[in-house]
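Numbering (full-length UniProt numbering), first residue to last: 1 to 1068. All C-beta atoms in this analysis are idealised placements derived from N, C-alpha and C, irrespective of residue type, glycine included. Here's the structure, in structure tokens; my notes come after.
Encoded structure:
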């Protein structure tokens, strides 16, 4: 039947070509289609992408920022994609014309936004891209992945630029901190000079107060003297008027001279009295002017010192303000640093309990270590003793090796001989089966013979009996037992045990004995038949032949069972023989290994002795370790307390710096006001100096004039006395009065004019003296406020001096710490790209083709088997008239097995030829074969059992497996419905097995489980196929298919069974 099937395939060239095409069909789907997408990610450098750079450069902290141009330069040297650098218009046209798959647009504010990192509200850098998913979605996905990498590169580049600027700023801050420290030092020096100048001014304030007081007193005396002087001048003016009037009267009334002389004498007295009062006032004014001049001189001497002190004070104030500005900036930076320090101390303090717990665990572990070391030393001693015994045993074993090697060789040769004899006996079972078949044929022929020819069968029965005797003799097991007894025995009895096992195997098998008993039973039956023939009792021959035929069938069945047992025995003996052969081949290695073991055991003993000698040192070291751990554990409370205190101090420092930072503005404002006031004072110093100089010059002039008046007062007094005396004489010399009257009238006119001028200027003199007195009085009243301000300024300058010194020290420490921080270009690279990914592959899948190969090969085998069951006449019987259901089943099973096997071998070989690298070739081909068998017989079962609907079910099953077998995407990414179907789909396990065979990423256990499921399913569908074909054959549907009668499905008289009753079978 199988031969007839293949003969018809060969005879029908179209059918033969159909089978060949079906075998090669998986190549079209798997290899050719898969090769087209074998490594798409390896060719992404051919994917055209347009780049539009609209970015405009800018600056950041004096550095040029040109992120767009840098990105373009990097992309020009980047081969990840096919970059095209074009204008915005050409990019849009290219995207529209399907020339580009993506447009990457760098906006004009790209660098500007990058430079806004230090602004209050920094702007994000928008790197826009436009894709056309309608052109190709996978192209869009690849483009988006490329954009992700591009974004990472841009972020790294920009971050590095930021880091460079920050590092530069940190260095600048460090330099500024150093300059601030130098400025603070200068500020401290300037504040010290200011304090010294203020101290000097403070020391001179009492002297200034004393001088101003003296000036005030002298001014008052001067005002009083000037008043007396003006009063006297007024009286003198009145007397002068009277004198002038008298002289006029004298001049006009000489005749009345006597009376006039008397009046003149009275006026002379009055004049003498006024002159005396005038001279007394001039003397007092002169004394007051002396005091005024002395006070002005003292004030003049003190003005240069005051000017120098104010200048120093202004210079120190400027240094103070500059240092204060640097100080406030430093305080802000210190505030940020203290916040970081406080957070770090808080984190450190939170880790102290964990450290304490770890140290406690370390202490417990130290105790366990010491206990373990004690056990270890005891174990070393025990191991030393045991090694001595092992060495003695190895020496003894080494001495017996030659005998053992010889015994193993003899045992191996004996097992080979025994296997040879068993194989010979196995051939006898085949002869016995042939003989029983011949007996059955003989009985059938006897039953067909006429009665007159039966008597001539006696010679044939005798020949059959003799043949059975020869078979019985060939199955005698005594010869095998004798061969086993001839095997040698070693001293330890190992070979004797093997001999006993072989004897027991023969005894337990009992196949030869069973065969001999069967032969004896057949001989008895033949003898019975011979007796019947010899007695010519042919009436009993029929029942006897039936009994003999039944016995022969039983004998045939028992022979088959005995043959199976015999084959098992032969397999066991062959395994023993193979094992002994391997043992015989391995004896040189074992001999060398035992010698090496003896040597190693000796060296091990020496090493154990050294370990035992050094065990006390190990114990002592463990004890010291425990002591150290105990000290650490004891100091834990102090550590926790110190950490808490340090954390509190850091928080206090942060709080104090925050307060100091918040008050820095007020401090700076007050300092600026002080400097402004000092500058205003400095600007008025020239005016003060000029005013003092004018006061000194005016006082000197006043003193000179008063001195002159005082010097002339004697002459004035003398003249007044002389005038009075002369008036007395004039009374006695009236006759000479007439001649001198005119002269006297002229002189009195001149005197009257001078007195009027003197009287007219007396008001100005009184006003000046009064203003001078008021000014000195006001100056004297402001001296206490000046002294108090100077004292406060002295206190403040002392505080500023101390604070500036501390500021200089702290800024110096901060500058040293910043200098210790080493910031390089590598630091910027680390900030920009702090992490480095390192992939460790559990299994290696080189490309897309290797990843999809299990899925595509599984699908292609299913499609190939499906097409085969469409185009090949599955239900047709090659030899309908000479066949049965079993032969029909075997013919279809054979053609399906061969076709599916060729599919699997062809697709596996072609896939390897196009570049598929397989880690486990044997597992690879075995998986393909089992998968092809399963798909072939599963589809054949459906097509055979249900005809066209069965093929439709197979197509549905293919579609379900395409979505639920997990061949393309991981199952967690697929919907729940397909995840539920996944374990029940055969293709799931073929994909698992092929993936393990190709890349070894799933594990051998999963491979074995998957293969077991595939094998079981294949066997199940073969069994179902056989059952289905038996049913079809019994129902008379064998050879009929709707697929080949589909043109008649619409006929009115179509019964769904046969086209014509007279032609029930449709042959090829």
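Where the beta strand (DSSP E) containing residue i begins and where it ends
i	result
residue 60	58-60
residue 84	82-85
residue 48	48-53
residue 100	Taken as a continuous stretch (DSSP letters only), residue 100 belongs to no beta strand (DSSP E), as it is neither H nor E.
residue 63	63-65
residue 131	128-131
Of the residues the options, the one placed nearest residue i, counting alpha carbons only
i	options	result
residue 1038	1007, 909 and 877	877
residue 1028	949, 1002 and 889	889
residue 852	144, 926, 145 and 962	962
residue 304	847, 235, 693 and 110	693
residue 908	896, 895 and 922	922
residue 210	193, 291 and 147	291
residue 855	113, 353, 606 and 989	989
residue 17	892, 871 and 983	871
residue 129	95, 114 and 123	95
Extent of the continuous alpha helix (DSSP H) to which residue i belongs
i	result
residue 932	921-946
residue 917	No alpha helix (DSSP H) contains residue 917, which DSSP labels as neither H nor E.
residue 33	33-36
residue 114	110-114
residue 997	986-999
residue 1005	1004-1035
residue 862	848-871
residue 977	976-981
Whole-angstrom distance between residue j and residue i, CA atom to CA atom
i	j	result
residue 34	residue 849	6 angstroms
residue 38	residue 980	30 angstroms
residue 388	residue 613	17 angstroms
residue 217	residue 809	52 angstroms
residue 957	residue 84	47 angstroms
residue 795	residue 196	11 angstroms
residue 999	residue 859	19 angstroms
residue 490	residue 574	With a pLDDT of 47 at residue 490, under the threshold of 50, the predicted position of this residue should be treated as unreliable, though the coordinate-derived value follows. Those two C-alpha atoms are separated by around 22 angstroms.
residue 214	residue 700	16 angstroms
residue 133	residue 100	11 angstroms
residue 774	residue 707	24 angstroms
residue 266	residue 231	20 angstroms
residue 81	residue 75	9 angstroms
residue 993	residue 1021	20 angstroms
residue 784	residue 312	23 angstroms
residue 906	residue 1008	24 angstroms
residue 863	residue 1002	26 angstroms
residue 1011	residue 378	52 angstroms
residue 689	residue 235	40 angstroms
residue 1026	residue 895	14 angstroms
residue 977	residue 967	16 angstroms
residue 297	residue 668	40 angstroms
residue 845	residue 147	24 angstroms
residue 662	residue 325	14 angstroms
residue 43	residue 1024	49 angstroms
Beta-carbon proximity of residue i to residue j, cut-off 8 angstroms
i	j	result
residue 66	residue 108	no
residue 939	residue 954	yes
residue 985	residue 965	yes
residue 869	residue 951	yes
residue 284	residue 228	yes
Below-8 angstroms beta-carbon distance, residue i vs any chain B residue
i	result
residue 95	The structure shown contains no chain B, having only a single protein chain.
Three or more C-beta pairs closer than 8 angstroms, one from the segment 1007-1027 and one from the segment 929-946: is that the case here? yes
State whether the segment 99-111 contacts the segment 41-53, with contact taken as three or more CB pairs (one from each stretch) at a distance under 8 angstroms. yes
Three Cβ pairs or more, each shorter than 8 angstroms: is that satisfied between the segment 900-920 and the segment 18-26? yes
Are three or more beta carbon pairs between the segment 856-875 and the segment 938-945 nearer than 8 angstroms? yes
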